[in-house]
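Trainee: Below you will find the structure I want to go over with you.
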């Protein structure tokens with residue numbers, strides 16, 4: 008049974024009769040993350056790590072029900088996945104609506120822009136000449152957008168509302184791009200979440216490179232959590248389903 012247990016797997020701790028997520032195994036011991044408090048209203052949960060003998064840990068199996076039950080849909084599930092990542096890696100996670108300061112807003116916009124630039128590069132199959140042409144047009148579009156904002160000269164009375172409005176519109180465009188692509192994104196999102204949470208080490212903590220603070224991935228991360236092959240497999244599954 009030991010070699011069938013994998014990091015991130017849902018497990019059942021027999022001696023404590025509790026379900027949790029396996030964080031690590033070392034020798035005869037296992038570390039399991041369990042939920043100690045769950046707010047049904049917000050979907051927010053509080054967890055802790057417990058250590059137990061590995062012989063007490065088995066793969067969790069859903070109990071068989073006489074009548075089929077539909078899993079309750081949480082419309083903010085992806086939000087809480089990312090919040091879990093932020094808390095695990097020491098990033099800020101607001102407990103109530105507050106404005107994002109300008110330095111962080113800039114960083115996050117640049118990081119988002121980097122992904123969009125990768126999107127353009129993928130679109131032309133890595134053709135450098137075509138990519139640069141698209142990238143320059145992209146920059147021209149941003150220049151026009153900035154001038155449009157300046158010409159509009161809109162007064163911002165509530166920063167949280169204005170930031171949330173802009174981010175929501177961004178999400179809408181992103182989901183629209185998935186519609187154009189014909190790919191349902193939720194399972195892809197879960198794959199990326201698993202890959203990001205897989206960057207925690209066996210003790211449930213992250214490691215950072217001293218010179219620049221970059222996250223250090225644990226050994227075997229590529230083998231277990233690299234998202235690209237799983238994303239490819241999921242898209243191929245969706246393609247088979249659509250036939």
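Numbering (our numbering), first residue to last: 8 to 250.
Glycine included, C-beta positions come from ideal geometry on N, C-alpha and C.
1) So, helix, strand or coil for residue 115, using DSSP?
2) Which residue comes first and which comes last in the alpha helix (DSSP H) that contains residue 247?
3) Alpha carbon to alpha carbon, what distance is there between residue 87 and residue 232?
4) Give me whichever residues DSSP pairs with residue 19 in a beta bridge.
5) Given residue 131, which residues of its chain have a CB within under 8 Å of its CB, disregarding the five upstream and five downstream residues?
6) Kindly indicate which three-state DSSP category residue 209 falls into: helix, strand or coil?
7) Residue 38 and residue 30 - do their beta-carbons sit closer together than 8 Å?
8) What separation, rounded to the nearest whole angstrom, lies between the Cα atoms of residue 172 and residue 81?
9) For residue 167, count the other beta carbons within 10 Å of its own beta carbon; 16 or more makes it buried, fewer makes it exposed. Which is it?
10) With residue 211 and residue 17 assumed to form a contact (beta carbons below 8 Å), what rounded beta-carbon distance in angstroms separates them?
Mentor: In terms of the structure at hand:
1) helix
2) 234 to 249
3) 20 Å
4) 26 and 65
5) Excluding positions up to five away in sequence, the list reads 137, 138 and 141.
6) coil
7) yes
8) Cα to Cα, residue 172 sits roughly 21 Å from residue 81.
9) Only exposed fits residue 167, as fewer than 16 other CB atoms lie within 10 angstroms of its CB.
10) At roughly 16 Å, the Cβ-Cβ gap does not stay under 8 Å, so residue 211 and residue 17 are not in contact.
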